[in-house]
Amino acid sequence: MRIHAFHHLYQYRLERSTKPFLARGGKIKRCLYCLVELTHCLCAHQPDIESQVAVLLIVSENEVFKPSNTGRLIADTVKETHVYQWSRTEPNPEMLALLSNPAYYPVLIFPAETEEDKTRVLSPIPTEFAGKKPLLVLIDGSWREAKRIFRKSPYLASLPLVSVEPERLSQYIMRKSENEQHLATAEVASLVLDMFGDRHSAMTLSLWFEAFKETYLTCKSRNKPSIAKPALQRWIAHQQNANCL
Numbered sequence: 001m002r003i004h005a006f007h008h009l010y011q012y013r014l015e016r017s018t019k020p021f022l023a024r025g026g027k028i029k030r031c032l033y034c035l036v037e038l039t040h041c042l043c044a045h046q047p048d049i050e051s052q053v054a055v056l057l058i059v060s061e062n063e064v065f066k067p068s069n070t071g072r073l074i075a076d077t078v079k080e081t082h083v084y085q086w087s088r089t090e091p092n093p094e095m096l097a098l099l100s101n102p103a104y105y106p107v108l109i110f111p112a113e114t115e116e117d118k119t120r121v122l123s124p125i126p127t128e129f130a131g132k133k134p135l136l137v138l139i140d141g142s143w144r145e146a147k148r149i150f151r152k153s154p155y156l157a158s159l160p161l162v163s164v165e166p167e168r169l170s171q172y173i174m175r176k177s178e179n180e181q182h183l184a185t186a187e188v189a190s191l192v193l194d195m196f197g198d199r200h201s202a203m204t205l206s207l208w209f210e211a212f213k214e215t216y217l218t219c220k221s222r223n224k225p226s227i228a229k230p231a232l233q234r235w236i237a238h239q240q241n242a243n244c245l
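Residue numbers (the UniProt record's numbering): 1 to 245.
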């Protein structure tokens, strides 16, 4: 299993935490990496692919410890995923340096309806980026947190914007959202990867998300039913087919 930036942030927070995680499900013995119940650990099935883009995840403080977090799945899939916890007053210097690195073409992924300056919106998405690697900037948090991060982060204000208009409601039924059209972070990333032409990464992330969701909900069930886990089986078949290519 590959240890990535989200794992490092989780461990950093864990070492400095003075209180245990006491949200619902806090007493379950979880894997420290995939955060599902130990008996259902998914780490052996982690994706191992190469992607055409890089990702920058800006994570809210509350999101890091949530077992239902899906930003972690993006880091599982896209090997060059940079993860930083958001701070309104002290943004991480490494994150700011990454955003200004001339080797990358940073693009903020956020609903265009929240932006007054529509000239920022990339539509259609370019097929060439002047030799630079696309850096997809995603905000990982609740919808309320994401809007606050969007408004309170001056370094995001000048970035080109890509808006996702989903044709279906979110499949993310592990949490309730105040906006039923609000997608999980991993769902957004999968759609955007496809928009940027990285279809293999998009499909991989989508299937990995479904496998995680299925396993998470199985662990959450009080009856702990013994099910065949069809989403996980589809994921394993996808991995096997990819290895045969």
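Quick reminder that beta carbons are idealized off the backbone N, C-alpha and C, glycines included.
Considering only heavy atoms of the ligand PLP, does any lie closer than 8 Å to the CB of residue i?
{"i": "GLY197", "result": "No copy of the ligand PLP appears in this structure; indeed no ligand is present at all."}
Let's see if you can read the secondary structure: which residues bound the beta strand (DSSP E) around residue i?
{"i": "THR81", "result": "81-85"}
{"i": "LYS19", "result": "Where LYS19 is concerned, there is no enclosing beta strand (DSSP E), given that its DSSP letter is neither H nor E."}
{"i": "VAL107", "result": "104-109"}
{"i": "ILE58", "result": "54-59"}
Would you report the Cα separation of residue i and residue j, rounded to the nearest angstrom?
{"i": "PRO126", "j": "ALA202", "result": "18 Å"}
{"i": "PRO134", "j": "ILE28", "result": "38 Å"}
{"i": "VAL55", "j": "LYS19", "result": "30 Å"}
{"i": "THR70", "j": "ALA184", "result": "7 Å"}
{"i": "VAL53", "j": "THR204", "result": "14 Å"}
{"i": "ASN179", "j": "MET1", "result": "Only weak support exists for where ASN179 lies, its pLDDT of 49 falling under 50; the coordinates are left without a value."}
{"i": "HIS45", "j": "LEU138", "result": "24 Å"}
{"i": "SER68", "j": "VAL188", "result": "15 Å"}
{"i": "LYS118", "j": "PRO111", "result": "11 Å"}
{"i": "ILE132", "j": "ARG151", "result": "Correcting the residue type first, residue 132 is Lys in the shown sequence and not Ile. The alpha-carbon atoms of LYS132 and ARG151 are separated by roughly 27 Å."}
{"i": "residue 246", "j": "GLU50", "result": "Residue 246 falls outside the range modelled here, since the chain spans only 1 to 245, and no answer is possible."}
{"i": "GLN11", "j": "ILE3", "result": "11 Å"}
Here's a check: name, in chain order, each residue in its chain whose Cβ is nearer than 8 Å to the Cβ of residue i, leaving out the five neighbours to either side.
{"i": "ASN62", "result": "GLY141, SER142 and GLU145"}
{"i": "LEU122", "result": "VAL107, PRO160, LEU161 and VAL162"}
{"i": "LYS147", "result": "THR114"}
{"i": "ALA103", "result": "LYS132 and LYS133"}
{"i": "TRP196", "result": "Reading the sequence as shown, one finds Phe at residue 196 and not Trp. Cβ within range, chain order: GLN52, VAL53, ILE125, PRO134 and LEU136."}
{"i": "VAL36", "result": "ARG30, LEU42, PRO67, PHE212, THR215, TYR216 and CYS219"}
Ordered along the chain, which non-local residues of its own chain (more than five positions away) have a Cβ less than 7 Å from that of residue i?
{"i": "TYR155", "result": "PRO91, LEU96 and LEU99"}
{"i": "TRP208", "result": "PRO47, LEU73, ASP76, THR77 and TRP235"}
{"i": "SER206", "result": "SER190"}
{"i": "GLN85", "result": "LEU9, VAL59, GLU61 and VAL64"}
{"i": "MET34", "result": "What sits at residue 34 in the sequence shown is Cys, not Met. CYS41, LEU42 and CYS43, listed in sequence order."}
{"i": "CYS31", "result": "LEU38, CYS41 and CYS43"}
{"i": "ILE149", "result": "ILE58, SER60, TRP86, ILE139 and GLY141"}
{"i": "ARG88", "result": "LYS152"}
Alpha helix (DSSP H) containing residue i: first to last residue?
{"i": "ASP76", "result": "71-77"}
{"i": "ALA44", "result": "No alpha helix (DSSP H) contains ALA44, which DSSP labels as neither H nor E."}
{"i": "PRO230", "result": "230-244"}
{"i": "TYR216", "result": "199-220"}
{"i": "ALA186", "result": "185-195"}
{"i": "LEU96", "result": "93-99"}
By a C-beta neighbour count over all protein chains shown, 10 Å radius and 16 as the cutoff for buried, is residue i buried or exposed?
{"i": "ALA186", "result": "buried"}
{"i": "GLU94", "result": "exposed"}
{"i": "LEU14", "result": "exposed"}
{"i": "residue 246", "result": "With the chain covering 1 to 245 only, the question about residue 246 has no answer from this structure."}
{"i": "SER17", "result": "exposed"}
{"i": "THR81", "result": "buried"}
Between residue i and the rest of its own chain, which residues show a CB-CB distance below 6 Å, the 5 nearest in sequence each way excluded?
{"i": "ARG72", "result": "PHE6"}
{"i": "ARG199", "result": "none"}
{"i": "ALA231", "result": "GLU210, ALA211 and GLU214"}
{"i": "ALA242", "result": "none"}
{"i": "LEU57", "result": "GLY71, VAL83, LEU138 and ASP140"}
Check whether the Cβ of residue i lies closer than 9 Å to any Cβ atom in chain D.
{"i": "SER163", "result": "Among the protein chains of the structure shown there is no chain D, as only one such chain exists."}
Checklist entry - Unbroken beta strand (DSSP E) runs of length 3 or more, entirely within the segment 135-171: which are they? => result Here no run is fully enclosed.
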